[in-house]
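Worksheet: one structure, shown below.
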Amino acid sequence: MEARWRSSAKPVQAPKTTKTVSFEEVSGKASSSEALPLSLHLTNAVFFSLFFSVVYFLLSRWREKIRTSTPLHLVNLSEIVAIFAFIASFVYLLGFFGIDFVQSLILRPSTDLWNSEDEEENEALLRKEDARKIPCGQALDCSVTSAPIISAQKVVDEKPVKLTTEEDEEIIKAIVAGTTPSYSLESKLGDCKRAASIRREALGRITGKSLSGLPLDGFDYESILGQCCEMPIGYVQIPVGIAGPLLLNGKEYSVPMATTEGCLVASTNRGCKAIHLSGGASSVLLKDGMTRAPVVRFGTAKRAVDLKFYLEDPENFETLAVVFNRSSRFARLQGIKCVIAGKNLYLRFTCSTGDAMGMNMVSKGVQNVLDFLQTDFPDMDVIGISGNLCSDKKPAAVNWIEGRGKSVVCEAIIKGDVVRKVLKTSVESLVELNMLKNLTGSAMAGALGGFNAHASNIVSAVYIATGQDPAQNIESSHCITMMEAVNEGNDLHISVTMPSIEVIDSVTVRLSNYISK
C-alpha cells in the first residue's frame, strides 16, 4: 500500500550520496536501552515473564468459556487487565527485538524502487495494476483491497465493449425512439454480445440510470440465445461455497451452495460435521411423480361429474395411460384425481418422468388425453392446460399432503457428545426448541409446510448452484423437522420429511457423481 500511494506522488530525484539517519537522531531521544529504569536483561526478563503469563491466563480463561458455552467477548476486570498487559509486553518485545526491521520499513525504505532509471517503468506498472475496468456498485466498498461480489477475474481481464461506431449509435437512437424493437437485435446483427451491449446502452439512455455496476464482458451470450434468457443486458455472478462432506446412505457428498448470505454455508457445514461424526444419515424416496392439472368446463355440473367418474374408473385407466405415455418414452402415467367446482372440473395428472423434472413432458401427455376425451365428451371446453391444482411454484396444501416431484424422508441419530461439542447445546434444549419453534410456533403462524428452521435457505442455495429452477423452492422447501431424545435421553434423533422436492435428476446426478468421493 505504501508503494501504491508513493506512485501517485511526484517523483523526487534521489541524491547520489545519502546519509543514513538513525532512529535516535530523528526522534531526538536516547535509545530504548538507555531510557529504561532497570537494567536491560532484567527488563527483558520481566516482559518475557509477563507476556507468557498473560498468554497462559487468557488461554485458560477462553478454554473454560468454550467448555461452559460462554461468549468469548464477555470479559471481566482481570481479563481486561491481562489483555492490556499482553498488548504492552508484545509491543515492548516487538520493539526491542525487531527495532531494526521496523525502522527499515518506516524510516529507511529502499531507494532501489525509486531509482531515477526505473521511475517511469515502475510508475506505469503500478498504474496498470491499480486500473479499474469495472466500476464499483454504489453500496460496495471501492477500496483497492476489496472486490465486489459481482466482479470476476474473467470480467476484469477482458476489455469492455465500446460503442464507438456510427452504425451502433444509429441503432441505439432507433431503439430509444421506438422504431426498432430491442428483442430483434440478435437476429438482425448476428452478434449476441454486440446486441446485449447496444440494448444495455439504449436502456441506460431511456431510463437515465447507469448500468456500469452490472458486468457485460466475460459471458457467452450465444449459449443462451433461444434457450433460457431473452433480451440480455449483462449477468450476475453468485459465489458458490461447499459444505460437507455429508455422509448420506453410506456415501460422502460435498454440497454446493450458491448464496450471498453470510454464515449459511458455515452453519450447513457444521450440521454436516455433526452428522458425519455420528455415523451419517439415511434417506428414503417415498414417491416420485410430477403433476399437471388442467381445468375444463361443461354446460352443467352433471356432465362434469360424468367425466370425473369416467377418469376415476380403474377399467379406463389402462386406455388413458397408453394415450398419455405416447408423449415421451420416459413419461408414465401413475394416476388421475379429479376435483369438482360447480360445472368446472380439475384433473390432477401424476406421472413419472425419468431423470427430467418433467413439467413439459407431463403437459404434452395431458394434452394427448384431453384430445382423446373430446371424442366422448365433445361439449368439454378446455379452459387451461394448468388450473393451478398442480400446484406449481405456489404454496399449496395439495402438495404438502399428496406430494409433488420427489417425496423424501431423511433421519439421523446425533450423539450426545457431538451435540454438546459441535452444536454447542444439549439434547434437551434442542428437543424443546424444536417443539416450541418449528412445530408450535409455525402452527400459531398458520404455516403451510413451514415446520422447520430455514429449509428454504439451503434448498435455494443448492438449487441455484446445481442449475435447478429457484422459483420451485416454494414447494420444494416444504419440510417438517422432528426431534426426539433417544437412548435414555443421551442422543438426539432428528428427521426431516419433505413431500414435494422438484429437481432435474440429470443435473443433480451428474453433479453428485462429480463431487462425491
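To convert, note that position 233 of the sequence shown is 218 in the numbering used here; the numbers rise steadily by one, no gaps.
For glycine and all other residues, C-beta sits at the position ideal for the given N, C-alpha and C.
Of Gly226, Val447, Leu358, Ser485, the smallest CA-CA separation from Leu271 is found for Ser485. If you look at Val403, you'll find it in the alpha helix (DSSP H) that goes 401 to 406. If you draw a straight line from the Cα of His463 to the Cα of Asn423, it is about 12 Å long. Per the coordinates, the alpha-carbon of Arg179 lies some 56 Å from the alpha-carbon of Lys406.
Thr253: member of the alpha helix (DSSP H) spanning 249 to 262, first to last residue. DSSP, reduced to helix, strand and coil, places Asn384 within a helical segment of the structure shown.
Restricting attention to alpha helix (DSSP H) runs no shorter than 4 residues, the segment 144 to 180 encloses them at 151 to 162, 170 to 174, ordered along the chain.
Here the alpha carbon of Ala251 sits roughly 28 Å from the alpha carbon of Pro200. Sorting Phe36, Asp298, Trp47, Asn384 by C-alpha distance to the C-alpha of Leu78 places Phe36 at the top.
Taking 7 Å as the cut-off, the Cβ atoms of Ser337 and Arg317 count as close.
For Val393, the three-state secondary structure derived from DSSP is strand.
With 16 or more neighbouring CB atoms inside 10 Å of its own CB, Glu387 falls in the buried class.
Cβ-Cβ distances below 7 Å link Cys177 to Glu171, Tyr206, Glu207, Leu210 in the same chain, with the five nearest sequence neighbours on each side left out; the list follows chain order. By a beta-carbon distance limit of 8 Å, Ile321 does not contact Val290. Their separation comes to about 15 Å. Beta-bridge partners of Cys323 (DSSP): Leu332. Excluding five sequence positions before and after Gly226, the CB atoms of its chain that fall closer than 6 Å to its own CB belong to Met242, Val250, given in chain order. The Cβ atoms of Gly401 and Val416 lie no closer than 7 Å to each other. The Cβ atoms of Arg184 and Val161 do not sit closer than 7 Å to each other. Gly226 is bridged by DSSP to Met242. Counting C-beta pairs closer than 8 Å gives fewer than three between the segment 346 to 366 and the segment 428 to 435, which falls short of the contact rule.
In this structure, the CA atom of Met483 is about 19 Å from the CA atom of Gly343.
At a Cβ-Cβ threshold of 7 Å, Ser54 and Lys379 do not count as neighbours. Pro56 carries a coil assignment under DSSP once its states are collapsed to helix, strand and coil. Sequence-distant Cβ neighbours of Glu297 in its own chain, meaning closer than 8 Å and more than five residues away, are Ile321, Lys322, Cys323. Bridge partners of Cys464 according to DSSP: Gly435. For Ser480, the beta-bridge partners assigned by DSSP are Glu396, Met467.
Looking at the DSSP output, Glu237 sits in a beta bridge with Leu232.
Non-local C-beta neighbours of Val403 in its own chain, meaning closer than 6 Å and more than five positions away in sequence, comprise Ala259, Leu262, Ser263, ordered along the chain. Contact between the segment 469 to 482 and the segment 443 to 453 is absent: fewer than 3 CB-CB pairs across the two stretches fall below 8 Å. If you look at Met275, you'll find it isn't in any alpha helix (DSSP H); it sits in the beta strand (DSSP E) that goes 267 to 277. Minimum Cα-Cα distance from Leu355 among the listed residues Thr285, Leu233, Arg333 corresponds to Arg333. Excluding its 5 nearest sequence neighbours in each direction, Gln319 has C-beta neighbours in its own chain below 7 Å: Gly274, Thr335, Cys336, Ser337, listed in chain order.
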